[in-house]
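Participant:
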Amino acid sequence: MNAQPMDSLAALAAIAEAAGLAILDVRRQGFQVSYKDDRSPLTRADLAAHETIMRGLERAFPEVPVLSEEGADRPYSERGGWERLFIVDPLDGTKEFVKDNGEFCVCIALAENGFPALGAVHVPTRGATYVGGLGLGAFRRDVANGQPGPWRAIAVRRPDAGGLVVLASRSHPSPELETYLTGKHVRERITAGSALKFCLVAEGAADLYPRFNPTREWDTAAGQAVLEGAGGSVLRFADGRPGPRLPVNKPDLFNGPFLASALPL
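Using my numbering, read the sequence shown as starting at 1115 and increasing by one per residue.
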């Protein structure tokens, strides 16, 4: 990994890994589940990870504002003028955390001029950290016994004649996905939770992640940066077809349907 942006990626990785430790501490101690106004679950682990990330970002990047799922509301009248901001999901996949299936992660993205520029995704139960950004490459390291290993480059694979490996949300199945896959040569379908799906495409374990159910920017920004760094793309669906690159820091933080794939931008 080279200097400057790569130094920033390394800093984001360390912050995400620290948040992962906070999540695992809560997991060991036990927790209760409450629910937000939109009926999405919230645990003490979400808040512990949020606090860890906010402290880390304030130390490393004090000049950059933060939009976090568990932070203060940032109306577009305030954040619309931000050229740079962090977009954070302290515990992506809270449903998976509550189910204790291991498919949850920490997501931190640096957005610049309306698109993800850098991203870090840490999967605490797997000890895996992914980082990347468009034009910078993508990398993974594994943490064992609290010690991070070396970075290694990852890249998407190109689909072959054997058929597509398609990822689908574990908690949010959709009939639109079945319609989209009709007529496509699908060799295998894998269900998984959280932004882990972006990382599986980024490291060549799958080809395609079509998403039709609603997500918000903090669910996708970090994974998008990693996948784009690995040579893939995350495109909005327009009229049933992949369209332009998925943007961030929009007036409405909800994403429409998108296609994350091994195909380049």
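Virtual Cβ for every residue (Gly too), placed ideally from N, Cα, C.
1. Taking residue 1226 as part of the beta strand (DSSP E), name the residues at either end of that continuous run.
2. From residue 1145 to residue 1318, what does the alpha carbon distance come to, in whole angstroms?
3. Cβ of residue 1238 within 9 Å of Cβ of residue 1138?
4. For a test of the three-state rule: what should DSSP assign to residue 1148, helix, strand or coil?
5. Pull up the distance between the alpha-carbon of residue 1116 and that of residue 1251, whole angstroms please.
6. So if DSSP puts residue 1261 in a beta bridge, which residue, or which two residues, is it bridged to?
7. Roughly how many angstroms lie between the CA atoms of residue 1185 and residue 1208, to the nearest whole one?
8. Drop a sphere of 10 angstroms on the beta-carbon of residue 1236, count the other beta-carbons inside from all chains shown, and report buried for 16 or more, exposed for fewer.
9. Across which residues does DSSP place residue 1236 in a beta bridge pair?
10. Would you mind working out which of 1179, 1193, 1158 and 1135 sits nearest residue 1366, comparing C-alpha positions?
11. For residue 1156, I'd like the list of residues in its chain whose CB is within less than 6 Å of its CB, leaving aside the five on either flank, ordered along the chain.
12. Name the residue from 1213, 1191 and 1323 whose alpha carbon lies nearest to the alpha carbon of residue 1356.
13. Can you tell me whether residue 1357 is helix, strand or coil according to DSSP?
14. Going by C-alpha to C-alpha distance, which of 1135, 1276, 1333 and 1198 sits closest to residue 1231?
15. Counting C-beta neighbours from all protein chains within 10 Å, is the total for residue 1299 16 or more, i.e. buried, or is it exposed?
16. So is residue 1338 buried or exposed if we call it buried at 16+ other beta carbons inside 10 Å?
17. Determine contact between the segment 1369–1377 and the segment 1325–1334, defined as no fewer than three beta-carbon pairs at a distance below 8 Å.
Facilitator: Judging by the given coordinates:
1. 1219–1226
2. 35 Å
3. yes
4. strand
5. Reliability of the predicted coordinates at residue 1116 is poor, the pLDDT of 47 falling under 50, and the value obtained from them is presented with this limitation in mind. Residue 1251 has its alpha-carbon roughly 10 Å from the corresponding atom of residue 1116.
6. For residue 1261, which the question treats as bridged, DSSP gives the partners 1258.
7. 16 Å
8. buried
9. Its beta-bridge partners are 1220 and 1243.
10. 1193
11. Excluding positions up to five away in sequence, the list reads 1148 and 1150.
12. 1323
13. strand
14. Cα-wise, what sits closest to residue 1231 is 1198.
15. exposed
16. buried
17. yes
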